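Chains A and B supply the protein sequences, listed in that same order. Numbering that gives the first Met the number 0 numbers the first residue of the first sequence as 0 and each following residue consecutively. Numbering that gives the first Met the number 0 numbers the first residue of the second sequence as 0 and each following residue consecutively. Where a beta carbon is used, it is the ideal one built from N, C-alpha and C, also for glycine. Computed from a predicted structure; not experimentally measured. Step one of this worksheet: look at the structure below.
There are 2 protein chains.
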Amino acid sequence: MSPATQASRSRATIRDVAALAGVGTKTVSRVINDEGNVSPAMRERVRSAVVALNFQPHQGAGALRRGDQKTRTVGLLLDAVDNPFSATINRAVEAVASRHGTAVFAASSEDDPERERTLVDVFTRRRVDGLLLTMIGQDHGYLQAEREQGTPLVFLDRPPVGLLADAVLTDNHAAAVTATRHLVAAGHRRIAHIGDERRIATARERRRGFVDAVAEAGPGVLATHVDDLRSEAEAEAAVRRLLDLAEPPTALFTAQNLVTIGALRALHGTGRQHEVALVGFDDLPLAGLLQPGVTVMAQDPARIGTLAAERLFDRLAGSTGPEETLVVPATLVVRGSGEIPAPPGR
Amino acid sequence: MSPATQASRSRATIRDVAALAGVGTKTVSRVINDEGNVSPAMRERVRSAVVALNFQPHQGAGALRRGDQKTRTVGLLLDAVDNPFSATINRAVEAVASRHGTAVFAASSEDDPERERTLVDVFTRRRVDGLLLTMIGQDHGYLQAEREQGTPLVFLDRPPVGLLADAVLTDNHAAAVTATRHLVAAGHRRIAHIGDERRIATARERRRGFVDAVAEAGPGVLATHVDDLRSEAEAEAAVRRLLDLAEPPTALFTAQNLVTIGALRALHGTGRQHEVALVGFDDLPLAGLLQPGVTVMAQDPARIGTLAAERLFDRLAGSTGPEETLVVPATLVVRGSGEIPAPPGR
DNA sequence: CCGCAGCGTGACAACGGTGTCATGCGTTGT
DNA sequence: ACAACGCATGACACCGTTGTCACGCTGCGG
């Protein structure tokens with residue numbers, strides 16, 4: 000009645016149910032797990048005792064005794080659960096997990112290697128059945144021990160380093176090459192790569208793709224680089240500085256979603272959005288409604304999440320094939336900003 | 000070595016550690032829990048055995064035995080983890096939980112009452128220490144039983160129905176009134192309310208705020224309603240139909256983020272974005288870069304998540320004050336679309 | 001020199017369930 | 001009629017850990 004009524008009755012146990020129904024605990028166990036070999040009369044008595052006491056079996060206790068040791072829980076390590084890319088993965092993983100009666104621990108590493116290790120520990124101490132990982136750390140060797148102890152691992156979005164494991168990735172190099180070629184094809188000769196933190200494997204791959212595509216275009220094309228941008232605000236400031244140069248780039252390749260947003264703020268803030276071309280990595284919800292529309296290399300985070308989760312549950316079901324890396328295609332979505340031609344000029 | 004090397008060694012237990020260190024299990028327990036009253040020599044022996052075996056204590060087993068029964072886990076029920084509003088809440092909750100050494104189960108109800116109940120069951124079977132809930136169902140009475148068994152409850156974004164509980168909410172009615180008045184003040188006399196599903200409490204409140212503000216404006220103002228839009232695409236189609244009317248509304252109040260996006264697609268798709276005013280509920284990442292900028296009533300999901308989580312941990316720490324509803328203010332962000340004046344006319 | 005407090009240590013039971021196995025009963029086959 | 005079997009049921013140990021308690025040892029005061 001009063002708010003202080005916490006823990007008034009404590010939670011019912013299987014013994015309480017057994018006592019109320021006048022049966023042994025094992026019979027209750029059989030009923031709640033639908034094991035069969037229980038007479039209809041018993042089943043009914045147990046059922047009503049369960050309802051009367053509002054009994055909920057204690058998963059953890061069951062898992063402890065059960066041989067298979069399944070907690071029906073998986074850990075999902077993301078850079079940040081509120082980044083739209085990661086959030087989409089989260090949702091996809093949840094959908095697959097849910098079909099397997101499994102709950103998901105999602106956590107944000109904030110791209111901090113120390114926090115990342117802590118979170119893996121948090122997961123393993125809770126005995127998750129499997130791990131889905133977006134890693135920042137330089138060496139994932141310590142995860143080998145986890146896998147040897149029976150916890151399957153699937154890497155998401157970024158490849159494993161220092162161990163062999165399943166992974167689901169975008170081909171970031173190829174996608175960056177395509178994006179950059181698109182700008183070169185529009186005639187641009189001064190192109191800037193605006194990038195995320197180089198500690199992140201995908202950022203390095205995208206950068207490498209950009210560099211390769213520029214090299215392939217020949218000596219007439221000049222590249223500028225800004226790297227290690229940690230936020231929208233940093234990206235905006237960096238692009239504003241670029242635009243102030245005497246010979247500013249005529250095209251931008253913005254290599255991550257938050258960076259793209261920052262760059263767009265800079266372009267629109269200075270009114271030069273129709274003048275400087277832009278291709279972004281990752282799609283944005285309103286990209287098509289801006290003037291000009293934002294051309295992007297769109298990854299498919301839902302598919303990445305789905306495939307990774309399915310792989311994990313395959314492993315949990317006993318699949319023992321070799322480790323595989325699945326590559327999910329990215330698509331160039333043409334909307335206008337990437338097709339702005341280079342200004343005529345010497 | 001080979002991929003089939005799964006579960007080669009099984010996980011070390013406290014007994015294995017004790018055996019290797021040549022001590023009793025209780026001593027190992029004391030060391031890993033920093034309980035004191037262990038000689039330095041022992042501590043060292045145990046420590047190195049722990050490292051040698053890569054021992055990780057089994058949280059669940061410990062929680063089982065420990066009196067307090069804390070699993071250091073909370074459940075967070077959202078409509079969809081990939082909705083930006085919910086994702087921001089998720090992140091804020093995670094930050095608070097993390098400070099309390101607690102992991103978060105986040106799950107998407109998809110606004111389906113049945114799934115919602117299932118997920119609450121999933122949480123309670125795993126003995127979460129507390130629940131943070133965004134509920135769709137019409138009666139939350141069944142949660143009373145949970146609370147009586149010692150699980151604190153905090154409602155997020157939507158109020159509890161059928162029981163008294165802590166809640167952290169936006170004042171949706173007041174915010175909708177403010178948003179609607181803003182359109183009336185710009186001279187509009189034909190205003191449409193484009194709304195989310197009416198099963199959702201917040202959608203009803205926003206609708207009510209709209210209706211009240213229109214009534215307050217006097218008989219000269221005509222309101223149209225479209226409700227129960229379940230997606231961006233439905234919202235876009237609905238707005239396109241409205242715009243095709245002989246006397247279309249001159250201003251739109253779009254009462255949820257996905258609905259706003261759909262409406263924007265319709266306006267920009269028909270080229271009428273400078274002609275029809277719009278105020279949206281919930282902020283959008285690129286809202287300031289569209290032409291015109293999108294005026295919104297911005298909620299503060301990060302604050303909602305933070306306050307709710309803090310409240311939950313207060314309760315877990317034993318706070319027994321009366322249930323409270325905290326109201327988080329929303330702010331009108333003026334960017335252009337809401338200030339388009341009504342066309343002059345008869 | 002003895003008693004007692006305090007510390008370090010480990011044996012044991014218990015947390016809430018489930019696997020294993022034994023038991024008692026009714027049924028069936030010969 | 002009796003063995004053999006299958007089914008329903010419950011006693012009991014056990015999953016991995018920690019609370020409780022008892023024990024032995026050291027050091028100190030009387």
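- Under the three-state reduction of DSSP output, methionine 296(B) falls in the strand class.
- Counting only runs of at least 4 residues, the region 42–97 of chain A fully encloses the following alpha helix (DSSP H) elements, listed from N- to C-terminal order: 58–64.
- Interface with chain B (8 angstroms Cβ-Cβ cutoff): serine 107(A) is included.
- Under the three-state reduction of DSSP, threonine 117(B) is assigned to helix.
- Using beta-carbon distances, asparagine 53(A) counts as an interface residue toward chain B, with a partner under 8 angstroms.
- For alanine 250(A), there is no enclosing alpha helix (DSSP H); the enclosing beta strand (DSSP E) has its first and last residue at 250–253.
- The C-beta of leucine 242(B) comes no closer than 8 angstroms to any C-beta of chain A.
- Beta-carbon to beta-carbon, valine 167(A) and alanine 254(A) are separated by about 20 angstroms, too far to satisfy the 8 angstroms threshold.
- Going by C-alpha positions, proline 291(A) is about 14 angstroms away from alanine 250(A).
- With contact defined as three or more Cβ pairs closer than 8 angstroms, the region 150–165 of chain A and the region 132–140 of chain A are in contact.
- If you compare the alpha carbons of Glu115(B), Glu323(B), Gly217(B), Arg207(B) with that of leucine 162(B), the shortest gap goes to Glu323(B).
- Under the DSSP assignment, leucine 244(A) falls outside any beta strand (DSSP E); it carries neither an H nor an E label.
- In this chain, the alpha helix (DSSP H) harbouring leucine 266(A) covers 256–268.
- The beta carbon of histidine 267(A) sits closer than 8 angstroms to some beta carbon of chain B.
- Within chain A, the residues whose beta carbon sits less than 8 angstroms from that of threonine 123(B) are Gln55, listed in sequence order.
- Closest in C-alpha terms to glutamate 196(A), from the list Glu231(A), Thr319(A), Thr177(A), comes Glu231(A).
- When DSSP states are grouped into helix, strand and coil, histidine 181(A) belongs to the helix group.
- Residue burial is scored here from C-beta neighbours: asparagine 82(A) has at least 16 other C-beta atoms within 10 angstroms and is therefore classed as buried.
- For glutamine 137(A), none of the residues of chain B pass the 8 angstroms Cβ criterion, the least Cβ distance being about 20 angstroms.
- In the structure shown, glycine 304(A) falls within a helical segment according to DSSP collapsed to helix, strand and coil.
- Among the residues facing chain A, threonine 87(B) is included, as its CB has a counterpart in that chain under 8 angstroms away.
- In this structure, serine 107(A) places its C-beta atom within 8 angstroms of the C-beta atom of alanine 79(A).
- When DSSP states are grouped into helix, strand and coil, serine 9(B) belongs to the coil group.
- Valine 153(A) is outside the set of residues whose beta carbon lies under 8 angstroms from a beta carbon in chain B.
- For aspartate 81(B), the neighbours in chain A by C-beta distance under 8 angstroms run, in chain order, Pro83, Ala86, Thr87, Asn89, Arg90.
- At a beta-carbon threshold of 8 angstroms, the residues of chain A lying near serine 9(B) are Gln148, Gly149, ordered along the chain.
- Identification of chain B residues near phenylalanine 104(A) by a Cβ-Cβ cut-off of 9 angstroms yields Thr72, Ala102, Val103, Phe104, Ala105, ordered along the chain.
- Counting only Cβ-Cβ distances below 7 angstroms, glutamate 93(B) has contacts in chain A at Val80, Ala106, Ser107, in chain order.
- Annotated as distal: alanine 94(B) and alanine 102(B), with beta-carbon spacing of 8 angstroms or more.
- Considering only beta carbons, the part of the region 277–303 of chain B lying closer than 7 angstroms to chain A consists of Leu283, Pro284, Leu285, Leu288, Leu289, Gln290, in chain order.
- Around the C-beta of glycine 270(B), fewer than 16 other C-beta atoms lie within 10 Å, and the residue is accordingly described as exposed.
- Between the alpha carbons of serine 318(B) and alanine 329(B) lies a gap of roughly 28 angstroms.
- Annotation for leucine 118(B): Leu76, Ala106, Ser108 place their beta carbon closer than 7 angstroms to its own, counting only its chain and skipping 5 residues before and after.
- Secondary structure of isoleucine 193(B) (DSSP, three-state): strand.
- Of the other Cβ atoms in all chains shown, 16 or more fall within 10 Å of the Cβ of valine 27(B); this residue is therefore buried.
- Under the Cβ distance rule, alanine 144(B) counts among the residues neighbouring chain A, one pair being separated by less than 8 angstroms.
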